[in-house]
Amino acid sequence: MAYTIAITGKGGTGKTTIAGLIVTGLVENGRAPVLAVDADPNSCLDGLLGVTVRSTVGSVREEARERSSSGALAGMARTEWLDLRIAESLVEADGFDLIAMGRPEGPGCYCYANNVLRDVLARLAVNYPYTVIDNEAGLENLSRRIVQSVDLLVLTGDHSKRGLETVRRLYGLAGEMKISYKKLAIIINRLRNDAAPPDFGALRAAVPADHFLALPEDSDIAGHAERGAAMGTLPRSNPVAAMMDGFIDVVLK
Ligand SMILES: Nc1ncnc2c1ncn2[C@@H]1O[C@H](COP(=O)(O)OP(=O)(O)OP(=O)(O)O)[C@@H](O)[C@H]1O
Ligand SMILES: [Mg+2]
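If you want it as structure tokens, here you go:
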């Protein structure tokens, strides 16, 4: 069964960057193959990982909906068709594969297709020791329960008062929404060199996370993003990459 890491948190605090660092770190450290899941319709995890997504689970689901309503797809044929199309949506790369979820289901829920897709993803994930899911900000995605179990939930935030409050609020919401996970990590990202370290004391009292990590602002990561360079080209000696690798080692111990 794949070890599943889901990353979410406040908007713009480095979720996709952290997901990319985890995927490339797992691959670099001999933990391949990794299944990377881009669960943010506005994300660019593919670009960050240096690959290109052509079709998404959402677009396959919409096509299935259209074919079913026109009577072109029924019973077993529908399941097989979905399996095939999802397999085609998988982007294969060196050490990892990527699947993008695309747009979530809109009004007029077509729950059958969603259930089938959940099963397809579960079947897909068994082929990988690790699954890493980059989510959009907030918890909507995880509440749809497209993945059955999350081993490590990573909540990202920034160091501002509001940033830390958002992390506390998301933790509370995850409880209210009954989002289940085995371990929780809080990552406060983009700490400026001159900034005081985050007050994990107050956060620790409010959020009983298993792991706390603060990552510095890093000019190479910012430069990589500006150039649109793939995360795989960032040396693992980069301070943030090295901290993420150390963190993943501790988590997986
Ligand atoms: N430690 C860091 N040092 C410097 N820049 C960083 C760092 N972490 C992230 N960034 C930059 O911050 C920007 C936002 O990061 P990213 O896209 O990963 O955030 P996100 O949480 O996924 O955003 P969204 O909520 O839009 O999905 C990017 O330009 C990224 O390169
Ligand atoms: Mg993102």
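With my numbering, the residue at position 11 of the sequence shown is 124, and numbering never jumps.
Note that beta-carbon positions come from the ideal geometry of N, C-alpha and C, so glycine has one too.
Three-state class that DSSP yields for residue i in the structure shown
i: residue 284; result: helix
i: residue 146; result: coil
i: residue 139; result: helix
i: residue 205; result: strand
i: residue 165; result: coil
i: residue 312; result: coil
i: residue 260; result: coil
i: residue 302; result: strand
i: residue 361; result: helix
i: residue 122; result: strand
i: residue 246; result: strand
i: residue 292; result: coil
i: residue 185; result: coil
Enclosing beta strand (DSSP E) for residue i [first to last residue]
i: residue 264; result: 263 to 270
Proximity test, residue i beta-carbon vs ligand 4 heavy atom, cut-off 8 Å
i: residue 328; result: In the structure shown, ligand 4 is absent; the only ligands present are ligand 1 and ligand 2.
Start-to-end residues for the alpha helix (DSSP H) that takes in residue i
i: residue 333; result: 332 to 340
i: residue 171; result: 170 to 182
i: residue 326; result: Taken as a continuous stretch (DSSP letters only), residue 326 belongs to no alpha helix (DSSP H), being part of the beta strand (DSSP E) at 324 to 329.
CB of residue i within 9 Å of CB of residue j, strictly
i: residue 286; j: residue 302; result: no
i: residue 300; j: residue 266; result: no
i: residue 367; j: residue 297; result: With the chain covering only 114 through 366, there is no way to say anything about residue 367.
i: residue 149; j: residue 242; result: no
i: residue 166; j: residue 237; result: no
i: residue 147; j: residue 209; result: yes
i: residue 324; j: residue 363; result: yes
i: residue 231; j: residue 260; result: yes
i: residue 134; j: residue 290; result: no
i: residue 128; j: residue 247; result: yes
i: residue 354; j: residue 348; result: yes
For residue i: DSSP bridge partner residues
i: residue 117; result: 244
i: residue 199; result: None; residue 199 has no bridge partner.
Practice task
Please list, following the chain, all residues that have a C-beta closer than 5 Å to any non-hydrogen atom of ligand 2.
Solution key: Every residue whose beta carbon comes nearer than 5 Å to a heavy atom of ligand 2 appears here in chain order: 128, 129, 156.
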